[in-house]
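To keep things clear, I will list the structure first and then write my remarks on it.
In full-length UniProt numbering, the protein residues as written are 1 to 469.
What follows is the structure, encoded as structure tokens:
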């Protein structure tokens, strides 16, 4: 029986969900709908389909986020392919297909985006099983979402003649204007393009060979240069850098003679903007979606998301308010597609609020920069049980560590010693040092840095268990 191998595409920056989604922790790694992150939900909803352990394809800078989130849902054996740079979906899927065949067989690749919501999982499973029959007969299957409104934010698929439990694809259509979208909805033969696919690995590569041989050649060269690094497969950067950038729609699906569509009506949403998130969250009865510490009076049809403090709203309608530790977004619901323009302004002005949160996640834990000024910076550091920071030194700063909870094993020059709750230690400028949590509970400490330069690039790593030295 031909196995189904999930291929989860976890790249992208999700700029229209700023300030929650940022370059270093984009929306697919956030728990936007429920306690699990979008990546975790994407994999967990496959339970019951008897799929193989998935391939996850992500950017190199997100590798530890992906690995930790997979470990949390008992998917630590998943293969994580690291793209050295983004080249869109067609090359990413080619890498997965080549890697799957290199492992000895020809599975069905179930290509999924890591940032979709699907409310009705049983219906989703039924659609995959219908698609499986078509894929085994050498069709390239895509999933068309049954539209419930005239949506201008999605591309569309026009259905053609019927084939088995699906339809031949007549054409793919770009995002329409409002009038065209209304016409598509009225016609009844147009479906939203979900960006999900099912096909044999070999069939996809054969189509790529026919329509984009240059792309396939670059992907083969990049995979030939790949190396294993811890739990990751690092794709060859030089060869992949020569790969053309294109989507699977443009590179393959619009050219193949074997594209078919399975219709899907399962509460799908791609969370492309804040209004879309409001559509899938609970409603308080007045059209409001709320998260965190929120007080309201006379508020309707609004989304209010509080991360770190009280947000109070009075007499408003149709707004999106999102509060984080270092930024607040206020937008009209009808304008949330334009949040990307704010991100562009941040980039152009050289700011960093679009890059990372105040909380910075590392393979060993997380730190929060809680205060800074001229020649000083204060961080709250949390180290996971058993985790260890790199052996390092700084040329321009000294550090004072005060343990709040747990126990720290500190290497400070030639000495190694334990520091427990309410105790402190001092690391001089230029001293080789290391911090480790030898306990079974998280280690929390306050770090006070002082010196002439406090940037993260003033870290000279001498030894690191996570391959960063």
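We treat Cβ as the ideally placed atom computed from N, Cα and C, and that holds for glycine.
C-beta contact flag for residue 208 and residue 94 at 8 Å: By 1-based counting over the chain shown, the position of residue 208 is 208. By 1-based counting over the chain shown, the position of residue 94 is 94. Yes, they are a contact pair.
Would you tell me roughly how many angstroms separate the C-alpha atoms of residue 353 and residue 151, rounded to the nearest one? Here residue 353 is taken as the residue at index 353 of the chain shown, counted from 1. Here residue 151 is taken as the residue at index 151 of the chain shown, counted from 1. About 30 Å.
According to DSSP, is residue 544 helix, strand or coil? No information on residue 544 is available, as it lies outside the stretch 1 to 469 that the chain covers here.
Using a Cβ-Cβ cut-off of 7 Å (strictly less than) and excluding sequence neighbours within five positions of residue 471, which residues of its own chain qualify? No statement about residue 471 is possible, as the shown extent of the chain runs from 1 to 469 and does not include it.
If residue 199 and residue 135 are in contact, beta carbons under 8 Å, what's the gap, nearest whole angstrom? Your numbering for residue 199 matches position 199 in the chain shown. Your numbering for residue 135 matches position 135 in the chain shown. With 8 Å as the limit, residue 199 and residue 135 qualify as a contact, their Cβ atoms being about 5 Å apart.
Every unbroken beta strand (DSSP E) within the UniProt domain "MannoseP isomerase/GMP-like beta-helix" (300-346), with a cutoff of 3 residues, ordered by chain: Counting only runs of 3 or more, we get 303-306, 311-314, 319-323, 328-332.
Entirely enclosed beta strand (DSSP E) segments - the segment 45-96, minimum 3 residues: Complete beta strand (DSSP E) runs here, min 3: 55-59, 79-83.
Residue 449 classed as buried or exposed, judged by whether at least 16 other C-beta atoms fall within 10 angstroms: In the chain shown, residue 449 corresponds to position 449, counting from 1. Buried.
If distances are taken between C-alpha atoms only, which option among 272, 336, 383 comes closest to residue 12? Sequence index remark: in the chain shown, residue 12 carries index 12 (1-based). For the set 272, 336, 383, the Cα lying nearest the Cα of residue 12 is the one of 272.
Given this structure, state the Cα-to-Cα distance separating residue 349 from residue 377, to the nearest angstrom. Position 349 of the chain shown, counting from 1, holds the residue named residue 349. Position 377 of the chain shown, counting from 1, holds the residue named residue 377. Roughly 23 Å separates the two Cα atoms.
Please work out which residues of its chain come closer than 8 Å, Cβ to Cβ, to residue 387, disregarding the five sequence neighbours upstream and downstream, and give them in chain order. Numbered from its first residue, the chain shown carries residue 387 at position 387. Hits under 8 Å: 363, 364, 365, 436, 437.
Helix or strand or just coil, what does DSSP make of residue 1? Here residue 1 refers to the residue found at position 1 when the chain shown is read from its first residue. Coil at residue 1, not helix or strand.
So within the segment 179-215, which uninterrupted alpha helix (DSSP H) runs reach at least 4 residues, ignoring any that extend past its ends? 201-211, all fully within the segment 179-215.
Alpha-carbon spacing of residue 330 relative to residue 317, whole angstroms: Taking the first residue of the chain shown as 1, we reach residue 330 at position 330. Taking the first residue of the chain shown as 1, we reach residue 317 at position 317. Rounded to the nearest angstrom, the two C-alpha atoms are 12 Å apart.
Can the beta-carbon of residue 242 be found closer than 8 Å to that of residue 218? On the chain shown, residue 242 is found 242 positions in, with the first residue counted as 1. On the chain shown, residue 218 is found 218 positions in, with the first residue counted as 1. Result yes, Cβ atoms of residue 242 and residue 218 sit closer than 8 Å.
I need the straight-line Cα distance from residue 22 to residue 416, nearest angstrom please. Translated into positions along the chain shown, residue 22 becomes position 22. Translated into positions along the chain shown, residue 416 becomes position 416. Each residue's Cα considered, the two are about 38 Å apart.
Taking three-plus beta-carbon pairs below 8 Å as touching, is the segment 81-89 in contact with the segment 225-241? The segment 81-89, when compared against the segment 225-241, does touch it at the 8 Å Cβ threshold.
Is the distance from the Cβ of residue 103 to the Cβ of residue 223 below 8 Å? Position 103 of the chain shown, counted from the first residue, corresponds to residue 103. Position 223 of the chain shown, counted from the first residue, corresponds to residue 223. When the beta-carbon positions are compared, residue 103 and residue 223 stay at least 8 Å from each other.
Less than 8 Å between the C-beta atoms of residue 40 and residue 4, yes or no? As a position in the chain shown, residue 40 is number 40, starting the count at 1. As a position in the chain shown, residue 4 is number 4, starting the count at 1. At a Cβ-Cβ threshold of 8 Å, residue 40 and residue 4 do not count as neighbours.
What residues in its chain sit with their C-beta under 7 Å from that of residue 343, if we drop five residues either side in the sequence? Taking the first residue of the chain shown as 1, we reach residue 343 at position 343. Hits under 7 Å: 15, 18, 354.
Kindly indicate which three-state DSSP category residue 132 falls into: helix, strand or coil? Residue mapping note: residue 132 aligns to position 132 of the chain shown, counting from 1. DSSP places residue 132 in helix when its eight states are reduced to three.
Does the distance from the CB of residue 247 to the CB of residue 88 come in under 8 Å? To locate residue 247, count along the chain shown from 1; it is residue 247. To locate residue 88, count along the chain shown from 1; it is residue 88. In this structure, residue 88 lies closer than 8 Å to residue 247 by Cβ.
Got a sec? Which residues, its chain only, sit under 7 Å from residue 282 by beta carbon, not counting five neighbours each side? Looking up residue 282 in the chain shown gives position 282. 289, listed in sequence order.
Near residue 420, which residues of its chain fall below 7 Å by C-beta distance, leaving aside the five closest residues on each side in sequence? For the purposes of this step, residue 420 is taken as residue 420 along the chain shown, with counting starting at 1. Here the set comprises 403, 407.
Please go through the same chain and pick out, in chain order, the residues whose beta-carbon is closer than 8 Å to the beta-carbon of residue 212, but skip the five residues on each side of it. The residue labelled residue 212 in the question sits at position 212 within the chain shown. For residue 212, same chain residues with a beta-carbon under 8 Å away, outside a window of 5 residues either side, are 90, 244, 246, 251, 252 in chain order.
Under a Cβ-count criterion, where at least 16 other Cβ atoms within 10 Å of its own Cβ denotes burial, should residue 414 be classed as buried or exposed? One-based indexing of the chain shown puts residue 414 at position 414. By the 10 Å Cβ count, residue 414 comes out exposed.
Cβ neighbour criterion (16 or more within 10 Å) applied to residue 175: Here residue 175 refers to the residue found at position 175 when the chain shown is read from its first residue. The residue in question, residue 175, is exposed, as its Cβ has fewer than 16 Cβ neighbours within 10 Å.
C-alpha distance - residue 7 paired with residue 68, whole-angstrom precision: Translated into positions along the chain shown, residue 7 becomes position 7. Translated into positions along the chain shown, residue 68 becomes position 68. Roughly 18 Å between the two C-alpha positions.
Is the beta carbon of residue 116 less than 8 Å from the beta carbon of residue 269? The residue you call residue 116 lines up with position 116 of the chain shown. The residue you call residue 269 lines up with position 269 of the chain shown. Cβ distance < 8 Å, so residue 116 and residue 269 count as in contact.
Among 75, 171, 324, whose alpha-carbon lies nearest the alpha-carbon of residue 155? As a first step, residue 155 is located in the chain shown; it is residue number 155 there, counting from the start. Scanning 75, 171, 324 for the CA closest to the CA of residue 155 turns up 171.
Report the option in 61, 9, 31 whose CA atom is closest to the CA atom of residue 361. Start at 1 with the first residue of the chain shown, and residue 361 comes out as number 361. For the set 61, 9, 31, the Cα lying nearest the Cα of residue 361 is the one of 61.
Can you look up residue 379 in the DSSP assignment and give me helix, strand or coil? Taking the chain shown and counting its residues from 1, the one referred to as residue 379 is at position 379. Strand at residue 379.
Please classify residue 193 as buried or exposed, where buried requires at least 16 other C-beta atoms within 10 Å of its C-beta. Sequence index remark: in the chain shown, residue 193 carries index 193 (1-based). Looking at its Cβ environment, which holds 16 or more other Cβ atoms inside 10 Å, residue 193 is buried.
Could you say if the segment 255-263 and the segment 288-308 meet the contact criterion of at least three C-beta pairs nearer than 8 Å? In short, these stretches do not touch, since the Cβ pair count stays below three.
Looking at the secondary structure, which residues open and close the alpha helix (DSSP H) in which residue 277 lies? Position 277 of the chain shown, counting from 1, holds the residue named residue 277. For residue 277, the uninterrupted alpha helix (DSSP H) segment begins and ends at 274-280.
The alpha helix (DSSP H) enclosing residue 241, as first and last residue numbers: Residue numbering aside, residue 241 sits at position 241 when the chain shown is read from its first letter. Counting along the chain, the alpha helix (DSSP H) containing residue 241 begins and ends at 237-241.
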